[in-house]
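Student: Got a structure for you, questions after.
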Amino acid sequence: MTQVFVNGEAVDCPIGATVAELLRLQQFDTLGIAVAVNQQIIPRGQWHLHELAHQDHIQLFKAIAGG
Amino acid sequence: MLTIAGKSFSSRLFSGTGKFANAEQMAKAILASGTELVTMAMKRVDLESKQDDILRPLIEAGVNLLPNTSGAKSAEEAVFAAQLARDALGTEWVKLEIHPDPKYLMPDPIETLKAAEQLVQQGFNVLPYVHADPVLCKRLEEVGCAAVMPLGSPIGSNQGLRTREFLQIIVEQARVPVVVDAGIGAPSDASLAMELGADAVLVNTAIAVAADPVAMGRAFKMAVEAGRMAYEAGLGTKQQIAVASSPLTAFLDQAEVCQ
Numbered sequence: 001m002t003q004v005f006v007n008g009e010a011v012d013c014p015i016g017a018t019v020a021e022l023l024r025l026q027q028f029d030t031l032g033i034a035v036a037v038n039q040q041i042i043p044r045g046q047w048h049l050h051e052l053a054h055q056d057h058i059q060l061f062k063a064i065a066g067g
Numbered sequence: 001m002l003t004i005a006g007k008s009f010s011s012r013l014f015s016g017t018g019k020f021a022n023a024e025q026m027a028k029a030i031l032a033s034g035t036e037l038v039t040m041a042m043k044r045v046d047l048e049s050k051q052d053d054i055l056r057p058l059i060e061a062g063v064n065l066l067p068n069t070s071g072a073k074s075a076e077e078a079v080f081a082a083q084l085a086r087d088a089l090g091t092e093w094v095k096l097e098i099h100p101d102p103k104y105l106m107p108d109p110i111e112t113l114k115a116a117e118q119l120v121q122q123g124f125n126v127l128p129y130v131h132a133d134p135v136l137c138k139r140l141e142e143v144g145c146a147a148v149m150p151l152g153s154p155i156g157s158n159q160g161l162r163t164r165e166f167l168q169i170i171v172e173q174a175r176v177p178v179v180v181d182a183g184i185g186a187p188s189d190a191s192l193a194m195e196l197g198a199d200a201v202l203v204n205t206a207i208a209v210a211a212d213p214v215a216m217g218r219a220f221k222m223a224v225e226a227g228r229m230a231y232e233a234g235l236g237t238k239q240q241i242a243v244a245s246s247p248l249t250a251f252l253d254q255a256e257v258c259q
């Protein structure tokens, strides 16, 4: 296992896990979600390819109500 | 019919999705308003709290999504927010808003122009929220914005069209659609904006915080339609003195003759 940070919170994840795997493991609803790893947006189409590294900072954003 | 960035809308009322009591009420009010374009915001996911899912009901309602860059305080942050929204919602449309001042939420014109230029180059359909500044609106049009969204009064203030004279100049000069945004507090404000020749209005607070948001959504729908119809029909010019609508004097003259 390795450790990454999801929106500032430490999370354990398997070594070599991709963004898609992390989202699945954390049971995130991915509708309306955007992901950045170390401030870099990872497009939805790349989630299953982008492997996470130890201490990566993952930011999850979600579309919410607004004017 | 209103067309923005190649997309046609039969409703000239755009709506925000914020401040509703819950997602169900929001969806009902949006359906009642007839709006075909609704705004959303992007936010960092709060892992602790379970947030109301508003995206599904909006997708079910079949409306188009207009993500905003609310929360951005600079051009750089706004561009990042727009890119996040594009990936999250699969749309190139963005309501560009940059307001660093939390009290009046006045849009920053310099950062907005800077961000607009970059976003247009990146293929976004940019609808910038700006002060009712005719010069800025022209500049935004020149850099390729799909529409301009000048404010009526501060966001959520329900003060109506405090910028009326400047909105009129913007409408007169614009070659892109003008969407009056912010401060529209009552259907009559929306009607007025449409009578002035605005192409559309964006309303959020006035519908969302009404005692009956569904009825208010319908009221805004009717007001926007009435205002647009009046604009197209051609309003009469204003006069400083009375101009009689009935031939009263002729009738009186005749009565005098009879005596």
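Going line by line, the protein sequences match chains A and B. Each residue of the first sequence is one higher than the one before, counting from 1 in UniProt numbering. Each residue of the second sequence is one higher than the one before, counting from 1 in UniProt numbering. The C-beta atom is built at its ideal place from N, Cα and C for all residues, glycine as well.
#1: Do you know how far the Cα of Lys238 (chain B) is from the Cα of Leu58 (chain B)?
#2: Please state whether DSSP places Leu65 (chain B) in a helix, a strand or coil.
#3: If you measure from the beta carbon of Gln159 (chain B) to each beta carbon in chain A, is any gap under 7 Å?
#4: If contacts are defined as beta-carbon pairs under 8 Å, then Leu127 (chain B) and Ala147 (chain B) qualify, I think. What distance do you get, rounded to the angstrom?
#5: Does the beta carbon of residue 71 (chain A) come closer than 7 Å to any beta carbon on chain B?
#6: Which runs of the beta strand (DSSP E) at least 3 residues long sit entirely within the stretch 185-253 of chain B? Give them in chain order.
#7: Could you work out which residue in B:Gln122, B:Gly16, B:Thr91, B:Thr69 is closest to Asp108 (chain B) when comparing CA atoms only?
#8: Let me check understanding here. Comparing Cα to Cα, which of B:Ile110, B:Leu47, B:Asp101, B:Ala81 lies closest to Glu92 (chain B)?
#9: In angstroms, rounded to a whole number, what distance separates the CA positions of Ile42 (chain A) and Met216 (chain B)?
#10: Inspect the beta-carbon positions of Asp56 (chain A) and Val37 (chain A) and report whether they are closer than 7 Å.
#11: Give every residue of the same chain whose Cβ lies closer than 6 Å to the Cβ of Gly16 (chain A), excluding the five residues on either side of it in the sequence, and list them in chain order.
#12: To test your reading of the DSSP string, which unbroken beta strand (DSSP E) runs of 3 or more residues are found completely within the stretch 66-98 of chain B?
#13: Taking the straight line between their C-alpha atoms, what separation do you get for Phe5 (chain A) and Leu47 (chain B)?
#14: For Ile30 (chain B), count neighbouring Cβ atoms within 10 angstroms of its own Cβ and tell me buried if that reaches 16, exposed if not.
#15: By Cβ distance below 6 Å, which residues in the same chain neighbour Val214 (chain B) in space, the five residues on each side in sequence not counted?
#16: Just reading off the beta strand (DSSP E) that residue 286 (chain B) is part of, what are its end residues?
Tutor: On the basis of the supplied data:
#1: 43 Å
#2: strand
#3: no
#4: 5 Å
#5: The structure shown does not extend to residue 71 (chain A), since chain A is modelled only from 1 through 67, so no value can be given for it.
#6: 200-203
#7: B:Thr69
#8: B:Ala81
#9: In a straight line, the C-alpha of Ile42 (chain A) is about 40 Å away from that of Met216 (chain B).
#10: yes
#11: Glu51
#12: 93-96
#13: 12 Å
#14: buried
#15: Lys28, Ala29, Ala32
#16: In the structure as shown, chain B begins at 1 and stops at 259. Residue 286 (chain B) is therefore absent and cannot be evaluated.
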